[in-house]
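K.L.:
Structure in structure tokens, see below.
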Amino acid sequence: MFSPWSVPEKKARKWMWIGLAIVAALQFYYVQEMIAAFVVFGVLFALVAAASLLVFLVDRASARTLTWAEMCVLAILRTPRRGMNFVATLTARCPAARTRSSPSIERSSAIHV
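Counting in the working numbering, the sequence shown runs from 2 upward without gaps.
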């Protein structure tokens, strides 16, 4: 009849070391799994951070580009107005331009003659 106390010391030591090896192996497996999870989450975090940075930089660049384009368009739209003001200023200064008749009147008088 065997009882727990009747097991030889050599056999008990052997099973104790096997049990410790199993516990150590389980702990190493757990640590490996945790390291693998840390690496996976680290890579995912880096990808999300890079995508966020890219969106931020594109937004900043497009804001500057749109501001620049708006200024250019406003300058282009102001050019005809400046030209009209220039012509109006020239005609206001030149007395001959004010007294001269329009071409449509000259044509109509030439037809009736």
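We put the CB at the ideal spot given by N, CA and C, even for glycine.
#1: What does the alpha-carbon distance come out to for the pair Phe39 and Leu58?
#2: Hey, how far is the Cα of Thr68 from the Cα of Val88?
#3: Can you list the beta strand (DSSP E) stretches of 3 or more residues lying completely in the region 27 to 107, in chain order?
#4: Could you tell me the distance, in whole angstroms, from the CA atom of Leu54 to the CA atom of Leu48?
P.N.:
In terms of the structure at hand:
#1: 28 Å
#2: 31 Å
#3: none
#4: 10 Å
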